[in-house]
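Notes follow the structure.
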Amino acid sequence: MRKTVNQKAWFFVLPVVLLVAFNAVIPLMTVVNYSVQETFGDNVFFWAGLRWFEDVVTSERFHDALIRQCIFTALVLIIEIPLGLVIALAMPRKGPWVSVCLVLMALPLLIPWNVVGAMWNILALPDIGLLGRSINALGIEFNYTREPIAAWFTIILMDVWHWTSLVVLLCYAGLVSIPDAYYQAAKVDGARPWAVFRYIQLPKLRHVLTIAILLRFMDSFMIYTEVVVLTGGGPGNATTFLSIDLVKTALGQFDLGPAAAMSLIYFLIILLFSWLFYTLAMRNEAR
Amino acid sequence: MQKRSLVPILYIVFLLLPIYWLLNMSFKSTNEILQSFTLWPHDFTLDNYRIIFTDPGWYMGYLNSLEYVAINTVLSVSVALPAAYAFSRYRFLGDKHLFFWLLTNRMAPAAVFALPFYQLYSAVGLFDTPWAVALAHTLFNIPLAVWILEGFMSGVPKELDETAYVDGYSFWRFFFRIFVPTIAAGIGVACFFCFMFSWVELLLAKTLTSVAAKPIAALMTKTASTSGYQLGLLAAAGSLTLIPGAVVIYFVRNYIAKGFALGRV
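Protein chains in written order, with our numbering: chain A, 1 to 287; chain B, 1 to 265.
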């Protein structure tokens, strides 16, 4: 759409800018402030320079949490994106079942995150949970509070349960927007289903898939509540992801300096990846 | 039945299983939960729900949650409306940078903001009020609302604005009488998303409240710690949190798919 140049538009944006600035800039400055100072309590602060940043960047604890976080996010994306796409392709396009499918599928997205954790906790309990009991009945030792592998399996399954619907709904929105004429043309040309998918559906879905990957990347990288409720970051530190580690440092131990430095590094990592995705997405839109 | 409809059916069964298990637990007595493994409640009881509906400590949690979610939704969408209009219709100094800066707040991990928010809202005297949580949640809901509304507004041709001016409408009369009704679906979807992310978020909501404004989700942690391990009560409290979401989804069911694509398909 052609847009008129009009500097007065700033007045329309002003309320948003003020509110978000209050919420984002002030706290972020607090964090920056802490990240370069040392304190022994009583509001007495000393200049610490970049010490905390060096500490965090070289600390093994941070490396481990970062690696776990990357593995988790990678697994989540590898499973949820193709799965969501397959389900969206198989969904009916017309008729009464569409609404039923959409409503049921959106349900997990509206459950408070700690309830999701509690729900999976109850489901995966080895003695009284449906999932835990079933796996144990198959003769596989399963106890997510004791074995890292069982904990990871439960968390990944929980995330797939929780968020695949987002991918399904996005892809579905993309699919229904493809005009019928495209399919008819493909039929006339005698295209096979794979060709229809590869040359008609996939290119049309490129945009929604970018949004899906962007949202899933950001949210899985920030995962906190569900995992804390389910495993508390354990067994040991096996499921301590970045947010959990950060909250432990900041609110648990009140190590403000290191926590602040870690916050900034964490935020910058997300920002960098999201910026890459975002520029890609916007370039697609411009085309 | 076609073979391919099996995929969504299996997926929906997978989605409903944990929900069923939660409901199942909520209707059981503590004895039955701990002593036997049953696929449905043999000893059907409503006691868990009775506790929640009679104890103000419990049901106030729901009201607190709904209160800050409502404040947040109204606030986010009403300030996002003019901003989204500006982004979709005009070019102005720094517009693209501003838009990306807004989006970066959607990417900010809540864990980073927990402690500074606690200090900020204590300093301005809003700690432990629904307003603190509502305002804190605008951090990620305003960018999202702007993004969605901008998508829907860009789908409305500019000729609509121009025709209205030719017909002698003032800007604000055009905006409220013609433009807002035109993008009503978009506003509904934006409200839905603000509701959703404010309703499900817990880390900030828990950090910014202590007693008076404690959300229901945070109350649930107390069943696990202080009063023994009351799984039935926990399950009942959890089951009740499903209802507002289900009601809201029902209202936007026809727009939900488009809404998730942020209005830009």
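All residues carry an ideal CB built from backbone N, CA and C; glycine is no exception.
In whole angstroms, what separates the C-alpha of residue i from that of residue j?
{"i": "Arg89(B)", "j": "Thr129(B)", "result": "37 angstroms"}
{"i": "Tyr85(B)", "j": "Phe12(A)", "result": "8 angstroms"}
{"i": "Ser225(B)", "j": "Leu219(B)", "result": "With a pLDDT of only 47 at Ser225(B), under 50, the local geometry of the prediction cannot be trusted, and no value is derived from it."}
{"i": "Leu208(B)", "j": "Ala123(B)", "result": "12 angstroms"}
{"i": "Gly228(B)", "j": "Ala108(B)", "result": "Residue placement at Gly228(B) cannot be trusted, given a pLDDT of 47 that sits under 50; what the coordinates show is reported in the next sentence. Distance between the alpha carbons of Gly228(B) and Ala108(B) is about 36 angstroms."}
{"i": "Gly190(A)", "j": "Gln184(A)", "result": "10 angstroms"}
{"i": "Ile87(A)", "j": "Thr163(B)", "result": "43 angstroms"}
{"i": "Ile135(A)", "j": "Phe142(A)", "result": "7 angstroms"}
{"i": "Phe92(B)", "j": "Glu150(B)", "result": "15 angstroms"}
{"i": "Pro82(A)", "j": "Ser78(B)", "result": "37 angstroms"}
{"i": "Phe273(A)", "j": "Asn31(B)", "result": "50 angstroms"}
{"i": "Glu159(B)", "j": "Gly257(A)", "result": "55 angstroms"}
{"i": "Arg4(B)", "j": "Pro92(A)", "result": "9 angstroms"}
{"i": "Trp58(B)", "j": "Val5(A)", "result": "54 angstroms"}
{"i": "Ser170(B)", "j": "Leu166(A)", "result": "40 angstroms"}
{"i": "Val76(A)", "j": "Phe53(B)", "result": "38 angstroms"}
{"i": "Val160(A)", "j": "Glu80(A)", "result": "6 angstroms"}
{"i": "Val247(A)", "j": "Pro215(B)", "result": "20 angstroms"}
{"i": "Tyr34(A)", "j": "Leu50(A)", "result": "11 angstroms"}
{"i": "Leu264(A)", "j": "Gly168(B)", "result": "52 angstroms"}
{"i": "Cys194(B)", "j": "Val188(A)", "result": "45 angstroms"}
{"i": "Val200(B)", "j": "Tyr182(A)", "result": "39 angstroms"}
{"i": "Leu230(A)", "j": "Gln253(A)", "result": "22 angstroms"}
{"i": "Arg270(B)", "j": "Leu240(B)", "result": "This structure does not reach residue 270(B), given that chain B is present from 1 up to 265, and the question cannot be answered."}
{"i": "Leu89(A)", "j": "Leu63(B)", "result": "40 angstroms"}
{"i": "Leu202(B)", "j": "Ala111(B)", "result": "11 angstroms"}
{"i": "Val265(B)", "j": "Phe22(A)", "result": "Note on Val265(B): pLDDT 47, under 50, position unreliable in the model; the coordinate value appears next. Their Cα atoms are separated by approximately 33 angstroms."}
{"i": "Val115(A)", "j": "Val166(B)", "result": "54 angstroms"}
{"i": "Leu107(A)", "j": "Tyr20(B)", "result": "13 angstroms"}
{"i": "Lys96(B)", "j": "Arg146(A)", "result": "49 angstroms"}
{"i": "Ser210(B)", "j": "Ala195(A)", "result": "58 angstroms"}
{"i": "Ala237(B)", "j": "Asn24(B)", "result": "13 angstroms"}
{"i": "Ile183(B)", "j": "Trp40(B)", "result": "46 angstroms"}
Is the beta carbon of residue i sitting closer than 9 angstroms to the one on residue j?
{"i": "Thr30(A)", "j": "Gln119(B)", "result": "yes"}
{"i": "Trp290(A)", "j": "Thr164(A)", "result": "Since the first and last residues shown for chain A are 1 and 287, residue 290(A) lies out of range."}
{"i": "Ala250(A)", "j": "Ala238(A)", "result": "no"}
{"i": "Trp47(A)", "j": "Val57(A)", "result": "no"}
{"i": "Val20(A)", "j": "Asn105(B)", "result": "yes"}
{"i": "Leu170(A)", "j": "Leu209(A)", "result": "yes"}
{"i": "Val189(B)", "j": "Ile148(B)", "result": "yes"}
{"i": "Phe197(B)", "j": "Val252(B)", "result": "no"}
{"i": "Leu22(B)", "j": "Ala235(B)", "result": "yes"}
{"i": "Leu102(B)", "j": "Val69(B)", "result": "no"}
{"i": "Tyr144(A)", "j": "Ala137(A)", "result": "no"}
{"i": "Leu175(A)", "j": "Leu205(A)", "result": "yes"}
{"i": "Leu105(A)", "j": "Tyr11(B)", "result": "Reading off the sequence shown, one finds Met at residue 105(A), where the question assumed Leu. Contact flag set, yes."}
{"i": "Ser29(B)", "j": "Asp43(B)", "result": "yes"}
{"i": "Tyr199(A)", "j": "Leu102(A)", "result": "no"}
{"i": "Asp127(A)", "j": "Phe37(B)", "result": "yes"}
{"i": "Pro15(A)", "j": "Ala83(B)", "result": "yes"}
{"i": "Gly61(B)", "j": "Leu110(A)", "result": "no"}
{"i": "Phe140(B)", "j": "Gly186(B)", "result": "no"}
{"i": "Thr240(A)", "j": "Ala65(A)", "result": "yes"}
{"i": "Ala217(B)", "j": "Trp275(A)", "result": "no"}
Name the DSSP beta bridge partners of residue i, please?
{"i": "Lys173(B)", "result": "According to the sequence provided, residue 173(B) is Arg. The question's Lys does not apply to it. Its beta-bridge partners do not exist; DSSP assigns none."}
{"i": "Arg91(B)", "result": "Val5(A)"}
{"i": "Gln37(A)", "result": "Trp47(A)"}
Note to self: When you compare the stretch 172 to 188 of chain B with the stretch 122 to 138 of chain B, are there three or more beta-carbon pairs, one atom per stretch, that lie closer than 8 angstroms?
What the structure shows: no
Check: Looking at C-beta atoms only, is the number of pairs between the stretch 214 to 221 of chain A and the stretch 60 to 75 of chain A that lie closer than 8 angstroms three or more?
Finding: yes
Next item on the list: Indicate whether the contact test is met: 3 or more Cβ pairs, each with one atom in the stretch 105 to 122 of chain B and one in the stretch 41 to 50 of chain B, closer than 8 angstroms.
Entry: no
Notebook entry, point to check: Can we say the stretch 124 to 139 of chain A touches the stretch 95 to 103 of chain A, given the rule of at least three CB pairs closer than 8 angstroms?
Noted result: no
Check: If you measure beta-carbon to beta-carbon, which residues of the stretch 33 to 54 of chain B are closer than 7 angstroms to chain A?
Finding: Ile33, Phe37
Item checked: chain B contacts from the stretch 197 to 225 of chain A (Cβ-Cβ distance under 8 angstroms) -> His207, Val208, Ile211, Met218, Phe221, Met222, Tyr224, Thr225
Note to self: Short of 7 angstroms Cβ to Cβ, which residues in the stretch 113 to 140 of chain B face chain A?
What the structure shows: Phe113, Ala114, Leu115, Pro116, Phe117, Gln119, Leu120, Leu135, Ala136, Thr138, Leu139
Check: Which of the residues in the stretch 129 to 145 of chain A, read from start to end, lie with their CB under 9 angstroms from any CB of chain B?
Finding: Gly129, Leu130, Leu131, Arg133
Next item on the list: Please name the residues in the stretch 230 to 243 of chain A whose beta-carbon is closer than 9 angstroms to at least one beta-carbon of chain B, in chain order.
Entry: Leu242, Ser243
Next item on the list: Taking only beta carbons into account, state which residues of the stretch 69 to 93 of chain B come closer than 7 angstroms to chain A, listed in chain order.
Entry: Val79, Ala80, Pro82, Ala83, Tyr85, Ala86, Arg89, Tyr90, Arg91, Phe92, Leu93
Next item on the list: Below 9 angstroms between beta carbons is the criterion; list the residues of the stretch 99 to 114 of chain B that meet it against any residue of chain A, in chain order.
Entry: Phe100, Trp101, Leu102, Leu103, Thr104, Asn105, Arg106, Met107, Ala108, Pro109, Ala110, Ala111, Val112, Phe113, Ala114
Next item on the list: Would you list, in chain order, the members of the stretch 163 to 185 of chain B that have their beta-carbon closer than 8 angstroms to a beta-carbon of chain A?
Entry: none
Notebook entry, point to check: In the stretch 196 to 208 of chain B, which residues sit with their C-beta less than 8 angstroms from some C-beta in chain A, listed in chain order?
Noted result: Met196, Trp199, Val200, Glu201, Leu202, Leu203, Thr207
Margin query: Against chain A, which members of the stretch 12 to 27 of chain B pass a CB distance test of less than 8 angstroms?
Written below: Ile12, Phe14, Leu15, Leu16, Leu17, Pro18, Ile19, Trp21, Leu22, Met25
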